[in-house]
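Following: one structure in structure tokens, then a few remarks.
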Amino acid sequence: MSSSLLFARSVAGMGMVCLLLATAVQAQTARYNDEFAIQGFSQPFRKASVASPITGIIHKREAREGEVVRAGRCIARLDSTVHDARLESARLAAESRGDVEIAKSELQVRLNRLKRLEELATRSHATEIEVSQASEDVSIAQASLLRATERSEQLRTEYSRMLAESEQHKIRAPFDGVIVEYFKQVGEYVGPGESTVCTIADLTKLSVEFMLPSHLRQRVKVGEKVGVVFTTTGKTHAGIVQFISPYPHGDSQTHTVKVVVNNKDGKLNAGVRCLLHELRE
-11 MSSSLLFARS VAGMGMVCLL LATAVQAQTA RYNDEFAIQG FSQPFRKASV
39 ASPITGIIHK REAREGEVVR AGRCIARLDS TVHDARLESA RLAAESRGDV
89 EIAKSELQVR LNRLKRLEEL ATRSHATEIE VSQASEDVSI AQASLLRATE
139 RSEQLRTEYS RMLAESEQHK IRAPFDGVIV EYFKQVGEYV GPGESTVCTI
189 ADLTKLSVEF MLPSHLRQRV KVGEKVGVVF TTTGKTHAGI VQFISPYPHG
239 DSQTHTVKVV VNNKDGKLNA GVRCLLHELR E
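Mapping the sequence shown onto the working numbering, position 83 (from 1) lands on 71, and the numbers just tick up by one.
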């Protein structure tokens, strides 16, 4: 094959690469009111797949799809019938003081006996062996009281642990947001591999992601205000640049730019095409 033919193919290949790169960059742009603009899509500021930390059966859904909930609110409950019965048993055991009171009484009896024997020993009415035995009995009674006290403390700790486990049957919202979708119905099983109960999204702010060409990178700074056009309304809303990728994507030579737009009034929607007017060089 001639060198001229190889050169021609090489040039043709380079032209194809340049064409692909140009197409990738232009795919992120659009015309709006006769101006060249960079486009992106709005999405929830935060979104979470809320999962259960334990296995179980869904007993009740505490909210509706589309309902706004506050952080910490219970949005679903697992069946806790068996756990509640064990918890009540643990509560009764933790509140029981019988063993401790018996051990205290036994110790007092041993102390009184030792005191009497010591008094008798001063008048030679009790032997040294009797006093020594009584002293050992006191030591044993003290150890019994300590064991009963420690056991009582263990029971209280066990009750506290089970009380904390009760909270795991309540699936709570991780942040303020709206219930997007429930994945589990009442009576359905929640377990490994299928622990997601619902999706919640924070729409009080919207995050709009743009792909900014590299030659415009220096025109945008984190923390600065920019204008974002929501194409469904045609209105421009103020946004704050929250993130700029430190290096460009190799295939398109564009930087990811994330802009946060306030949406406390709930008038803006996620999933909407947005435009960021191109910054002039």
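Using N, Cα and C, we set each Cβ at its ideal position, and we do this for glycine too.
Whether residue i touches residue j by CB criterion (8 Å)
i: residue 214; j: residue 262; result: no
i: residue 33; j: residue 248; result: yes
i: residue 176; j: residue 187; result: no
i: residue 46; j: residue 66; result: yes
i: residue 161; j: residue 63; result: yes
i: residue 137; j: residue 97; result: no
i: residue 78; j: residue 146; result: yes
i: residue 225; j: residue 154; result: no
i: residue 165; j: residue 57; result: yes
Sequence-distant residues of its chain with Cβ nearer than 6 Å to residue i (five each side left out)
i: residue 68; result: 157
i: residue 114; result: 105, 108
i: residue 42; result: 156
i: residue 205; result: 243
i: residue 252; result: 192
i: residue 231; result: 246
i: residue 31; result: 195, 258
Residue range of the beta strand (DSSP E) that includes residue i
i: residue 67; result: Here residue 67 belongs to no beta strand (DSSP E), and DSSP marks it neither H nor E.
i: residue 232; result: 223 to 232
i: residue 121; result: It is not in any beta strand (DSSP E) - residue 121 instead sits in the alpha helix (DSSP H) that spans 116 to 155.
i: residue 175; result: First-last for residue 175: undefined, no H or E at that position.
i: residue 201; result: 184 to 201
i: residue 31; result: 23 to 39
Between the CA atoms of residue j and residue i - distance to the nearest angstrom
i: residue 139; j: residue 167; result: 46 Å
i: residue 234; j: residue 243; result: 8 Å
i: residue 250; j: residue 228; result: 9 Å
i: residue 37; j: residue 150; result: 26 Å
i: residue 220; j: residue 171; result: 30 Å
i: residue 193; j: residue 152; result: 33 Å
i: residue 51; j: residue 60; result: 13 Å
i: residue 73; j: residue 183; result: 24 Å
i: residue 35; j: residue 53; result: 15 Å
i: residue 80; j: residue 55; result: 40 Å
i: residue 211; j: residue 148; result: 46 Å
i: residue 111; j: residue 99; result: 19 Å
Cut-off 8 Å between Cβ atoms - residues of its own chain near residue i, not counting five sequence neighbours on either side
i: residue 144; result: 82
i: residue 119; result: 102, 105, 106, 109
Supposed contact pair residue j and residue i - C-beta distance, whole angstroms, cut 8 Å
i: residue 216; j: residue 40; result: Contact doesn't hold; Cβ gap of about 37 Å is too wide.
i: residue 178; j: residue 48; result: Not a contact, Cβ separation roughly 13 Å.
i: residue 222; j: residue 29; result: Not really, about 16 Å apart at Cβ, beyond 8 Å.
i: residue 91; j: residue 127; result: About 13 Å; that fails the 8 Å criterion.
i: residue 130; j: residue 95; result: 6 Å
i: residue 264; j: residue 218; result: Between residue 218 and residue 264 the Cβ distance is about 11 Å, and since that is not below 8 Å, they are no contact.
First and last residue of the uninterrupted alpha helix (DSSP H) at residue i
i: residue 102; result: 86 to 110
Close-in-space but distant-in-sequence residues of the same chain around residue i (CB under 7 Å, 5 per side omitted)
i: residue 254; result: 191
i: residue 123; result: 102
i: residue 20; result: At residue 20, the pLDDT of 43 sits below 50, so the modelled position is not reliable; the number obtained from the coordinates is stated separately. Hits under 7 Å: 217, 263.
i: residue 117; result: none
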